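What follows is a short report on a single structure.
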Amino acid sequence: MALKEADFARIKSGVITNVTDGSSGIVQFAVNPNDRFINSPHVVLTLHGTSLAVDIPILSYITTNGFEWNIHKGHGGASHTWDIYWIATDAGTL
C-alpha cells in the first residue's frame with residue numbers, strides 16, 4: 060500500500076519574541092491553503108524568560124490554520140517580557 064502525504068503527521072513550530080504580559084496575538088500556520096493542517100492540530104505553548112512572575116499563557120481558537128494566544132498578567136507591579144515557544148501537530152488526529 061502506497062502512503063500519501065495525508066498519511067503523515069505534520070508538525071509546525073515557532074517562537075514569538077519579546078512579548079509583554081497582558082498582550083495577545085494570532086499565529087497563522089500557512090498563507091497557502093495547501094500548507095494548512097488537515098484537521099485541527101494539538102498545540103502547546105510555553106513562556107521562556109528570566110522573570111519569576113506568575114504570568115499565564117492562554118491558548119484559544121485553534122483551527123487548521125492557526126491559533127490565538129494571550130499572556131495573562133497574574134500579578135501586580137511592573138510588566139515582564141517573555142518569549143513564547145509553540146509547537147503544533149496533527150499526530151493522532153489523522
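Position one of the sequence shown corresponds to residue 60 (the working numbering), numbered consecutively onward.
Glycine is no exception: its CB is placed at the ideal position from the N, C-alpha and C atoms.
Note that the coordinates shown come from a computational prediction; the quantities given were computed from them, not determined experimentally.
Beta-carbon spacing of residue i, residue j below 8 Å
| i | j | result |
| --- | --- | --- |
| N124 | F88 | yes |
| V86 | W141 | no |
| I117 | H131 | yes |
| S119 | D80 | no |
| H107 | T148 | no |
| I143 | I75 | yes |
Simplified DSSP assignment, three categories, for residue i
| i | result |
| --- | --- |
| N77 | strand |
| I149 | Before going on, a small fix: residue 149 reads as Asp here, not Ile. Correct three-state label for D149: coil. |
| N91 | coil |
| I70 | strand |
| H134 | coil |
| R143 | The sequence given here places Ile at residue 143; Arg does not occur at that position. In this structure, I143 counts as strand in the three-state DSSP scheme. |
Bridge-paired residues (DSSP) for residue i
| i | result |
| --- | --- |
| T109 | Per DSSP, none; premise fails for T109. |
| N124 | Bridge partners of N124: none, in fact. |
| N129 | S83, I117 |
Assumed close pair residue i, residue j - CB separation to whole angstroms, cut-off 8 Å
| i | j | result |
| --- | --- | --- |
| G136 | V113 | Contact doesn't hold; Cβ gap of about 11 Å is too wide. |
Spatial neighbours of residue i in its chain, beta-carbon cut-off 7 Å, leaving aside the 5 residues before and after
| i | result |
| --- | --- |
| R95 | F88, A89, T123, N124 |
| L104 | P116, L118, W128, I143, Y144, W145 |
| A150 | A68 |
Proximal residues to residue i (C-beta, below 6 Å), its chain only, five neighbours per side dropped
| i | result |
| --- | --- |
| S83 | N129 |
| N93 | none |
| S72 | I146 |
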